[in-house]
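Comments concern the structure below.
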Amino acid sequence: MTAASERHEDPRTALADHLPSLRAFAVSLTRDSTAADDLVQDTIVKAWTNIEKFQPGTNLKAWLFTILRNTFYSDRRKRRREVQDSEGVHAASLVEKPAHDGRLAFGEFSKAFAQLSPEHREVLVLVGAEGFSYEEAAETMGVAKGTVKSRANRARARLSELMGLEEGEDVLSAAGGETLAVLGRAAIPAA
Amino acid sequence: MSKNTASDGERANLRRQIDENLRRVYERELEREVPDRFRDLLNELSGKMPAGKESAK
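Protein sequence lines correspond, in order, to chains B and S.
In short: position in the first sequence from 1, add 15, done, that's my numbering.
In short: position in the second sequence from 1, add 96, done, that's my numbering.
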């Protein structure tokens, strides 16, 4: 909002403002709050010590997200040799507190989201939740814009599949587990 | 616009609903309080700043 006025300020002074987003993005990648905070810590230190590589006037959040996700994937490659797959355990522990507002199967959604690959969670968070443009997401993820679009579509399709929804069925009308079970067979007439 | 409006419309609808759910999950994460360790870390890092600019109030 105040990008122009921030221009001559040291971008390091703005790092604190991005902590909530960095933590949320880190949790969506790691599905583990302890691992997420370690990842954010590494990101802050790397950003601080490499701040001269940040181009003033460009998107600081996107730059920080790039550092965070690159660190995540690089750590993950190392960790993979040690631990085969502990992600399912982390994912299960993160599912909590289903909504009782009767509007949507919040718990079901969280559970399905946790089962996506980190690449799919990443693209959905960037373009769906953070509102990054395809260009910003492409730059953050280090892929082509077209890849972002197709990956986001595949991620949404996979998410629907995991929730037992076919395209066109209503996610928000599902009040709970039993409703979802019904939705699995329900045919929603074309609008 | 498209002749295939039914399935395009359904897809757009599903997509909108997924994004709405995503934002809810994500906003819940955004609302979590930032632990002191990060403020401490930033303070520690700014102690090494040559310019001596305040990074936190």
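Ideal placement from N, C-alpha and C gives every residue a C-beta, glycine not left out.
Computed from a predicted model, the values in this text were never measured in an experiment.
Chain B contact for residue i (CB, 7 Å cutoff)
i      : result
S:L141 : yes
S:D104 : no
S:R119 : yes
S:R111 : yes
Buried or exposed (CB count within 10 angstroms, at least 16 for buried), residue i
i      : result
B:A159 : exposed
S:P128 : Residue identity check: residue 128 of chain S is Arg in the sequence provided, not Pro. Exposed, by the Cβ-count rule.
B:G72  : exposed
B:Q70  : exposed
S:D104 : exposed
S:E125 : buried
S:N117 : buried
B:E145 : buried
S:G143 : exposed
Cutoff 8 Å; reference residue i; Cβ partners in own chain excluding five residues on either side
i      : result
B:A153 : A159, K160, T162, V163
B:N168 : none
B:T86  : L54, D57, T58, K61
B:H135 : R166, R169, A170, R173, L174
B:P26  : I66, F69, P71, L75
Proximity test, Cβ basis, 7 Å: residue i and chain S
i      : result
B:G72  : no
B:G143 : yes
B:A159 : no
B:F124 : yes
B:W63  : yes
B:P26  : no
B:L79  : no
B:I66  : no
B:I82  : no
B:L174 : yes
Listed by chain order, chain B residues near residue i by CB distance under 9 Å
i      : result
S:D115 : L139, V142, G143, A144, R171
Spatial neighbours of residue i in its chain, beta-carbon cut-off 7 Å, leaving aside the 5 residues before and after
i      : result
B:E151 : N74, A77
B:V42  : S48, A51
Per-residue contacts from residue i into chain S (C-beta, under 8 Å)
i      : result
B:V42  : E125
B:L131 : Here the premise fails: no neighbours, minimum Cβ distance about 11 Å.
heavy atom of the ligand MN below 6 Å from residue i C-beta
i      : result
S:D132 : Absence of the ligand MN is noted for the structure shown, with no ligands found whatsoever.
Own chain, CB closer than 6 Å to residue i, minus 5 neighbours either side, in chain order
i      : result
B:I82  : T58, K61, A62
B:F124 : none
Contact set between residue i and chain S, taken where Cβ atoms lie within less than 7 Å
i      : result
B:V163 : Those within 7 Å of B:V163 in chain S number zero; the least Cβ separation is about 14 Å.
B:A39  : Y122, E125, L126
Chain S contact residues for residue i, given Cβ-Cβ distances below 9 Å
i     : result
B:D52 : P131, R133, F134
### Message
Three Cβ pairs or more, each shorter than 8 Å: is that satisfied between the stretch 22–35 of chain B and the stretch 44–52 of chain B?
### Response
The stretch 22–35 of chain B makes no contact with the stretch 44–52 of chain B; the number of CB pairs closer than 8 Å stays below 3.
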